[in-house]
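Peer 1: Protein chains in written order, with the numbering used here: chain W, 1 to 314; chain H, 1001 to 1306.
#1: Rounded to a whole number of angstroms, what is the C-alpha to C-alpha distance between residue 204/W and residue 110/W?
#2: Residues of chain H with CB closer than 9 Å to the CB of residue 206/W, please, in chain order.
#3: Buried or exposed: where does residue 1223/H fall if 16 or more other Cβ atoms within 10 Å of its Cβ makes it buried?
#4: Mark residue 181/W as exposed unless 16 or more other C-beta atoms lie within 10 angstroms of its C-beta, in which case mark it buried.
#5: Does the region 1021-1034 of chain H touch the region 1195-1213 of chain H, meaning 3 or more C-beta pairs lie closer than 8 Å?
#6: Is residue 221/W near residue 103/W, with beta carbons less than 9 Å apart?
#7: Using a beta-carbon distance below 9 Å, is residue 36/W in contact with chain H?
#8: Can you pull the chain H residues whose beta carbon is under 7 Å from the beta carbon of residue 119/W, in chain order?
#9: Within the chosen definition, does the region 286-306 of chain W reach the region 51-68 of chain W through at least 3 CB pairs nearer than 8 Å?
#10: Out of 1120/H, 1013/H and 1297/H, point me to the one whose CA is closest to residue 1173/H's CA.
#11: Can you find a C-beta in chain W that's less than 9 Å from the C-beta of residue 1036/H?
#12: Restricting to runs no shorter than 4 residues, where is the alpha helix (DSSP H) found entirely within the region 38-71 of chain W?
#13: So, with DSSP's three-state summary, where would you put residue 1079/H?
#14: The alpha helix (DSSP H) that contains residue 270/W, what's its start and end?
#15: Identify whether residue 301/W lies in helix, strand or coil by the three-state DSSP scheme.
#16: Name the residue from 31/W, 18/W and 124/W whose alpha carbon lies nearest to the alpha carbon of residue 53/W.
#17: To the nearest angstrom, how far is the alpha carbon of residue 179/W from that of residue 1306/H?
#18: Please list, in chain order, the residues of the region 276-289 of chain W that have any C-beta partner in chain H closer than 7 Å.
#19: Short of 9 Å Cβ to Cβ, which residues in the region 1069-1095 of chain H face chain W?
#20: For residue 285/W, name the three-state secondary structure that DSSP assigns.
#21: Report yes or no: is there a C-beta of chain H within less than 9 Å of the C-beta of residue 134/W?
#22: Evaluate residue 1304/H with the Cβ neighbour count: other Cβ atoms within 10 Å of its Cβ, from every protein chain shown; 16 or more gives buried, anything less gives exposed.
#23: Can you tell me whether residue 1245/H is helix, strand or coil according to DSSP?
#24: Shortest alpha-carbon distance to residue 11/W belongs to which of 27/W, 1/W, 4/W and 41/W?
#25: Taking only beta-carbon positions, decide if residue 1293/H is within less than 9 Å of chain C.
#26: Looking at the unbroken beta strand (DSSP E) that takes in residue 217/W, where does it start and where does it end?
#27: I want to know whether the region 1059-1069 of chain H touches the region 1038-1051 of chain H - three or more CB-CB distances under 8 Å.
#28: Which of the three DSSP states, helix, strand or coil, is assigned to residue 103/W?
#29: Can you find a C-beta in chain H that's less than 9 Å from the C-beta of residue 85/W?
#30: For the region 66-77 of chain W, list every residue whose C-beta sits within 7 Å of some C-beta in chain H, in sequence order.
#31: Is residue 1057/H close to chain W? Criterion is C-beta to C-beta, closer than 9 Å.
#32: Just to confirm the assignment: which complete beta strand (DSSP E) runs, minimum length 3, are found wholly within the region 1151-1217 of chain H?
#33: Is the Cβ of residue 122/W closer than 9 Å to any Cβ of chain H?
#34: Kindly indicate which three-state DSSP category residue 4/W falls into: helix, strand or coil?
#35: Less than 8 Å between the CB atoms is what I'm expecting for residue 67/W and residue 9/W, so what's the real figure, rounded?
#36: What distance in whole Å lies between the Cβ atoms of residue 95/W and residue 215/W, which are believed to be in contact at a cut-off of 8 Å?
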């Protein structure tokens, strides 16, 4: 049987799955990116390798997420695809009738609307990261609560505090203000969950019609406080899949399967030395930032140049 | 009289009036120098003259003026206050002249357009020609010729776009935004390049048939008073049925766009639409992700419709 690897390298976490040609997930891995996508991918690969038999032979690799290009070069991927398409493909394979995907990740959030398994509309937050996972974790730190406990604590609140949701900076000062006024911690935490939802609905969903079934994904979907807030505000059922965080990796592994390209993937790639370097090209006024990727000191890829002057070759 | 050299910044209103401007001055026998295409160096220079509240297009503009400061006798910086009665232009267009005069050491040649004060194009251009020391007769002749040239160029471009619209089977995307953002080599060009490299036929919002504008705008809104945004809205309304998708391009922080685009996104429900906000961030990755997924969606939609 043929097997396919999908890797989703996000700003906060790195996810990877191996599927067989029946689209069944045979192994998965989920780790923090910690600002170092190359090492994170090496780690997920060695974890995956320990979970599978020796006879599992991978013939296709797909990468997605914000470091997809870098990791695509590193793994010699057959498919490099944006996370919106990857998520849509992954989710609609498991839920063929899904109409709405809400996704809140570490630094971005998006909404995908589908009909008959095809994306009909989507939206993504602007370059501002208000109301995303990193917002929640920085606020958790501020009030000295583990972000993993956020949801549980939020559920104990009977009277969520109203917190300004439009902008992270304002939300933060509002939160400090409410805390100083003497609001209970659980009420503030529940209020934050509601503010994330309100922020999402006004900045990302922008009045789009949310048809059922609605699936909530991304790291923040693990937070039951936010789940409940969405359910309350939208007034519809919200489905959270236990494998929701893997959908991007799953989707891109399916895309690798569908592509005609077959490669010979070897786990030993995790033992090789990869180096990335950013250089500034000074050949014209554009001063392009060019990224170089080196494998065992040999240049394998480069990008970022706007013109031929900046093209780098080994 | 020595030959006068007029410098034209390749930014903001250049993309609306370049044919008129260049032709007018050349008809009068002036030398015209247009600043080079925007690059990071120009933007960095422009940032020094502007504050943090200025939009990206303004920063770019100031960089172009700086580029021209020792390459010409005068830099052309007109003041546009009002083009249609009871409508408005972004205040930037009425303050550019004063802004430059107070920050960059250049000689400026200027004209005023304010329809509510009866200062129209003819009045403005003849005034400018006289101020440069040309004879009234020559100025009028040059203006009429330049006007005609401008009209012809526009019609040519419009016709070309119409032909493409009728013929092309490619995925069609309406790129909607201010011309100075869409056609700028730093702001819009990377987007245009990416779309074209991915097999998309781009239709530009600044090429529209003027006679339909008013009725088309009113199909989307009756309550917008920004003249330049009305052009974008009218164009969207006019083209959207024949488009696979619409990309709204704006720069941060644009006041009129922030109102107008929000309204467009909420009111245009029959065509997929995304908004791209460009700021000084160096990374193009976020923009590419959005464009790539948008094209994926448009391709998928095509497949079902077929």
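We put the CB at the ideal spot given by N, CA and C, even for glycine.
Peer 2: Per the coordinate set shown:
#1: Within the first chain, the letter at position 204 stands for residue 204/W. Within the first chain, the letter at position 110 stands for residue 110/W. Those two C-alpha atoms are separated by around 6 Å.
#2: Start at 1 with the first residue of the first chain, and residue 206/W comes out as number 206. The contacting residues are 1262, 1265 and 1266.
#3: Your numbering for residue 1223/H matches position 223 in the second chain. Exposed, since its Cβ has fewer than 16 Cβ neighbours within 10 Å.
#4: As a first step, residue 181/W is located in the first chain; it is residue number 181 there, counting from the start. Residue 181/W should be labelled exposed.
#5: Contact fails between the region 1195-1213 of chain H and the region 1021-1034 of chain H, because fewer than three Cβ pairs, one in each stretch, are under 8 Å apart.
#6: Counting from 1 along the first chain, the entry for residue 221/W is found at position 221. Counting from 1 along the first chain, the entry for residue 103/W is found at position 103. The criterion of a C-beta distance shorter than 9 Å is satisfied by residue 221/W and residue 103/W.
#7: Within the first chain, numbered from 1, the residue matching residue 36/W stands at position 36. Judged by the 9 Å Cβ criterion, residue 36/W is not in contact with chain H.
#8: Here residue 119/W is taken as the residue at index 119 of the first chain, counted from 1. In chain order: 1297 and 1300.
#9: The region 51-68 of chain W and the region 286-306 of chain W do not touch, with fewer than three beta-carbon pairs separated by less than 8 Å.
#10: Taking the second chain and counting its residues from 1, the one referred to as residue 1173/H is at position 173. Of the listed residues, the one whose Cα sits closest to residue 1173/H is 1297/H.
#11: As a working mapping, residue 1036/H is identified with position 36 in the second chain. Taking Cβ atoms only, chain W reaches closer than 9 Å to residue 1036/H, which makes this a yes.
#12: Fully contained in the region 38-71 of chain W is no alpha helix (DSSP H) run of length 4 or more.
#13: Start at 1 with the first residue of the second chain, and residue 1079/H comes out as number 79. Annotated three-state conformation of residue 1079/H is strand, per DSSP.
#14: Position 270 of the first chain, counted from the first residue, corresponds to residue 270/W. First-last for residue 270/W: undefined, no H or E at that position.
#15: Walking along the first chain from the start, residue 301/W turns up at place 301. Reduced to three states, the DSSP call for residue 301/W is strand.
#16: Translated into the one-based positions of the first chain, residue 53/W becomes position 53. Scanning 31/W, 18/W and 124/W for the CA closest to the CA of residue 53/W turns up 18/W.
#17: Counted from its first residue, the first chain places residue 179/W at position 179. Counted from its first residue, the second chain places residue 1306/H at position 306. Whole-angstrom Cα-Cα distance: 57 Å.
#18: The residues in question are 284, 285, 286, 287 and 289.
#19: Cβ contacts with chain W come from no residue of the region 1069-1095 of chain H.
#20: Working through the first chain from its first residue, we reach residue 285/W at position 285. Looking at residue 285/W - three-state DSSP - the assignment turns out to be coil, as it is neither helix nor strand.
#21: As a working note, residue 134/W is residue 134 in the first chain. Not an interface residue.
#22: For this step, residue 1304/H is matched to residue 304 along the second chain. Exposed: under 16 other Cβ atoms inside 10 Å.
#23: As a first step, residue 1245/H is located in the second chain; it is residue number 245 there, counting from the start. DSSP places residue 1245/H within a strand segment (E or B) once states are collapsed to three.
#24: Walking along the first chain from the start, residue 11/W turns up at place 11. The option with the nearest alpha carbon to residue 11/W is 41/W.
#25: Of the chains in the structure shown, none is chain C; the protein chains are W and H.
#26: The residue labelled residue 217/W in the question sits at position 217 within the first chain. Counting along the chain, the unbroken beta strand (DSSP E) around residue 217/W starts and ends at 214-217.
#27: Three or more Cβ pairs drawn from the region 1059-1069 of chain H and the region 1038-1051 of chain H lie within less than 8 Å of each other, which places the two stretches in contact.
#28: For the purposes of this step, residue 103/W is taken as residue 103 along the first chain, with counting starting at 1. It is a strand residue.
#29: Position 85 of the first chain holds residue 85/W. Chain H contact via Cβ: present.
#30: Correct list: 66.
#31: Locating residue 1057/H in the second chain gives position 57, counting from the first residue. For residue 1057/H, no Cβ of chain W is located within less than 9 Å of the residue's own Cβ.
#32: Taking only runs of at least 3 residues, the beta strand (DSSP E) segments lying wholly in the region 1151-1217 of chain H are 1171-1177 and 1200-1204.
#33: Counting from one through the first chain, the residue named residue 122/W turns up at place 122. Yes, residue 122/W counts as interfacial toward chain H.
#34: Taking the first chain and counting its residues from 1, one reaches residue 4/W at position 4. Residue 4/W falls in the strand class under three-state DSSP.
#35: The residue you call residue 67/W lines up with position 67 of the first chain. The residue you call residue 9/W lines up with position 9 of the first chain. Correct: roughly 4 Å between the Cβ atoms.
#36: As a working note, residue 215/W is residue 215 in the first chain. As a working note, residue 95/W is residue 95 in the first chain. Residue 215/W to residue 95/W, Cβ: 6 Å. Contact.
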